[in-house]
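The structure appears right after this line, and notes come after that.
Numbering (this note's numbering), first residue to last: 6 to 295.
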C-alpha cells in the first residue's frame, strides 16, 4: 500500500519480535493492523505514513497485513480494522480502533514521541535570505563562518563580496571576487563585479540632483542621462536606470561606443535572469535591436 523506508516497513510473524518489540526499546513503534479489503485501512495508511515521515526516524511505522499474519492478530486480540497500537519499551502503551483524524493521531503520539528539531537551514541559503532582506551585516556574519570552513566556496565568496560592496568596501570586495576560481557561477560573478563597477563609477560622477537639473534644462543631454542612470544603479534604483538606458540606446545607439547597451547587459547579469525587471527589459531590448 505504501513505499517502505528505513522507518516504515511490513512486520510479519517471523520478524515481529525483532522489528517491533525489540525496536520499541530504542524508538516508539506504531503498528498499523490492516487488510486489503478494508477501505478505512487504505484511507488511514497514507496519513500514518505522512506522520511517520514528519518524525524523520524518531517514530517507526510497522504494517501488519491481517489477512496474512493471523498469528499476530490472535496474539494481540485484534477484533476490528483498522486498529493501530503504539509500542514502547516492549509494551503496547496506547492506540485506537477505527479511522481517526490526523490531529487525534498526533495528540495520541505526543506524550510518547519527541518531534525532532527542525532541519538546520543550509548556511548559504540562510545568508542569501538575509542578504535579500537587506540584512547585509547578518548575512556577512553567516558567510564568514561558512568561508572559515571552506574558503574556496565560490558562491559564498561572491555573496560575501556583495556584502562588502554594500558597506562601501569596494577594494576588499574586488579582492574577494578575484579569488573566485570556479567557472560554475559566471553570471553571479559578473553581476557582483558590475555592482562594484557601478558604485565605483558613481563616486566620480556629479550627484543625482545636479544631473536631474541638467536634464530639466536639456532632456536630450545624453551624458547626463547616462550618468544619472549610473547613480541610480549604485543606489539600486534599477527600474528608472533600465528605462533611461533603454531610451538612450534607442535614441543614440552609438553613444560612447554603445555603452548603454553594454550597461544594460551588465545590469541583467547583476539582477539575474529570474528577476522580473530583467525579463521585461530584455524583451524591450530585443524589440529595439530587431
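C-beta: ideal position from N, C-alpha, C; glycine also.
- prompt: What do you reckon, are the CB atoms on residue 247 and residue 286 nearer than 9 Å?
  reply: In contact: residue 247 and residue 286 (Cβ atoms closer than 9 Å).
* Please state if the CB of residue 204 and the CB of residue 243 are separated by a distance shorter than 9 Å. => Cβ distance not < 9 Å, so residue 243 and residue 204 don't count as in contact.
* **Contacts around residue 169, its chain only, beta-carbon distance under 6 Å, and the 5 residues preceding and following it disregarded** => Spatial neighbours of residue 169 in its own chain (CB-CB distance under 6 Å, excluding positions within 5 residues in sequence) are listed in chain order as 177 and 178.
Review point. At what residues does the beta strand (DSSP E) containing residue 180 begin and finish?
Key: That residue, residue 180, is in no beta strand (DSSP E); its alpha helix (DSSP H) goes 175-183.
| query | Is there contact between the stretch 190-199 and the stretch 217-228, where contact requires at least three CB pairs shorter than 8 Å? | reply | The stretch 190-199 vs the stretch 217-228: no contact.
Exercise. To which residues of the same chain is residue 232 closer than 8 Å at the C-beta, ignoring the five residues directly before and after it?
Worked result: Short of 8 Å from the beta carbon of residue 232, and not among the five residues preceding or following it, lie these beta carbons of its own chain, in chain order: 210, 211 and 216.
Item checked: residue 223, DSSP secondary structure in three states -> In this structure, DSSP gives residue 223 a state outside helix and strand, which the three-state scheme calls coil.
Between residue 7 and the rest of its own chain, which residues show a CB-CB distance below 8 Å, the 5 nearest in sequence each way excluded? In this prediction, residue 7 scores a pLDDT of 46, lower than 50, which makes its location untrustworthy; no coordinate-derived value is stated.
Taking 8 Å as the threshold, find out whether the stretch 76-90 comes into contact with the stretch 30-38 through three or more Cβ pairs. Verdict: yes, contact present.
Between the stretch 108-121 and the stretch 62-78, do three or more beta carbon pairs fall short of 8 Å? Short answer: they touch.
Q | Identity of the residues DSSP links to residue 13 by a beta bridge | A | 10 and 66.
CB contact flag (residue 60, residue 110, <9 Å)
With contacts defined by Cβ atoms closer than 9 Å, residue 60 and residue 110 do not form a contacting pair.
(request) Use the C-beta contact count for residue 28: other C-beta atoms within 10 angstroms, 16 or more gives buried, fewer gives exposed. (result) When all chains shown are included, residue 28 counts as buried.
**Report entry** Expected contact under 8 Å - CB spacing of residue 72 and residue 41 to nearest Å
**Finding:** With a Cβ gap of about 6 Å, residue 72 and residue 41 count as contacting.
Excluding the 5 residues flanking residue 257 on each side, which residues of the same chain have their C-beta closer than 6 Å to its C-beta?
Correct list, in chain order: 227.
For residue 202 versus residue 271, is the C-beta spacing smaller than 9 Å? For residue 202 and residue 271, yes; Cβs fall inside 9 Å.
Worksheet item: When the Cα atoms are used, what is the spatial distance from residue 163 to residue 207?
Response: Taken atom to atom, the span from the alpha-carbon of residue 163 to that of residue 207 is near 21 Å.
Using a threshold of 9 Å, state whether the C-beta atoms of residue 18 and residue 76 are closer than that. Yes; because the gap between Cβ atoms is below 9 Å, this pair is in contact.
message: In whole angstroms, give me the CA-to-CA distance for residue 268 and residue 239.
response: Residue 268 and residue 239 have their C-alpha atoms some 12 Å from each other.
*asked:* Contact defined as beta carbons within less than 8 Å: I believe residue 251 pairs with residue 290. What is the distance between those atoms, to the nearest angstrom?
replied: Taking a contact as a CB-CB distance under 8 Å, the pair residue 251 and residue 290 counts as one, their CB atoms being some 6 Å apart.
For this session: Output yes or no for whether 9 Å exceeds the beta carbon distance between residue 182 and residue 166.
Result: Yes. Within cutoff.
If you drop the 5 nearest sequence neighbours on each side, which residues of the same chain put their C-beta closer than 8 Å to that of residue 274?
Taking C-beta separations shorter than 8 Å and ignoring five residues to either side along the sequence, the partners of residue 274 in its chain run 192, 195, 196 and 199, following chain order.
Check: So what does residue 237 bridge to, in DSSP terms?
Finding: Beta-bridge pairing links residue 237 to no other residue.
- Message: For a test of the three-state rule: what should DSSP assign to residue 93, helix, strand or coil?
- Response: Residue 93 carries a strand assignment under DSSP once its states are collapsed to helix, strand and coil.
How is residue 285 classed by DSSP in three states: helix, strand or coil?
Reduced to three states, the DSSP call for residue 285 is helix.
Can you give me the C-alpha to C-alpha distance between residue 95 and residue 126, rounded to a whole angstrom?
Rounded to whole angstroms, residue 95 to residue 126 spans 36 Å at the Cα level.
Under the three-state reduction of DSSP, which class applies to residue 100: helix, strand or coil? Residue 100 falls in the strand class under three-state DSSP.
field: Segments of 4+ residues assigned as alpha helix (DSSP H) that fall wholly inside the stretch 240-270
entry: Qualifying alpha helix (DSSP H) stretches, in chain order: 243-256.
Residue 34: first and last residue of the uninterrupted beta strand (DSSP E) it sits in | Where residue 34 is concerned, the enclosing beta strand (DSSP E) stretches over 34-39.
Cutoff 8 Å; reference residue 70; Cβ partners in own chain excluding five residues on either side: Excluding sequence neighbours, residue 70 sits near 15, 39, 40 and 41.
task: Could you spell out the range, first to last residue, of the alpha helix (DSSP H) harbouring residue 48?
output: For residue 48, the enclosing alpha helix (DSSP H) starts and ends at 44-59.
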